[in-house]
Amino acid sequence: MIEERILKILSSMSLEEKIAQLMAVSVDSLLDDHNRFSREKAVKIIGRGIGQIARVAGSRRRLSPSEVASIINEIQSFLIKETRMRIPAIVHEECLAGLMGRGATSFPHPIGLA
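Under numbering that gives the first Met the number 0, the residue at position 31 of the sequence shown is numbered 30, and the numbers go up by one with no gaps.
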């Protein structure tokens with residue numbers, strides 16, 4: 000049963016790992032100066048896991064869609080292969096008025112349509 004598996008995972012997690020699952024980090028904190036995934040930064044910042052990776056497409060680095068996909072894959076691979084609990088993160092982005100990413104369409108907010 001799924002419930003049993005969840006209880007087994009939770010019972011084996013440290014308090015720090017449980018807290019990490021409640022947190023989010025911006026993708027910018029995991030990239031080097033050349034917009035590449037930095038394993039060294041990941042070990043320090045998400046070495047115990049992380050619940051969410053935020054602002055991947057809409058980061059200040061203006062990544063292309065293929066760069067976004069590649070970076071997400073590298074982060075998830077790190078989490079699955081190099082953290083003790085091997086739990087992937089939820090990836091989320093700002094989309095209130097459309098995807099906040101390079102080349103994406105942004106629509107007016109409802110107040111702008113009034």
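Note that CB positions come from ideal geometry on N, CA and C, so glycine has one too.
- Scanning its chain for C-beta atoms nearer than 7 Å, with the 5 sequence neighbours on each side dropped, one finds around Val55 the residues Val26, Val67, Ile70, Ile71, Val90 and Glu92, in chain order.
- DSSP places Ile52 inside the beta strand (DSSP E), whose first and last residues are Gln51 to Ala53.
- Judged by DSSP secondary structure, Ser65 falls outside any beta strand (DSSP E) and instead within the alpha helix (DSSP H) spanning Pro64 to Glu81.
- In the DSSP assignment, Val42 falls within the unbroken alpha helix (DSSP H) covering Arg38 to Ile45.
- Shown here, Ala19 sits in a helix according to DSSP, grouped into three states.
- Residue burial annotation: Gly102 is exposed, with fewer than 16 other C-beta atoms found within 10 angstroms of its C-beta.
- Within 10 angstroms of the beta-carbon of Leu21 lie fewer than 16 other beta-carbons, which makes it exposed.
- Here Ser58 is not bridged, per DSSP, to any residue.
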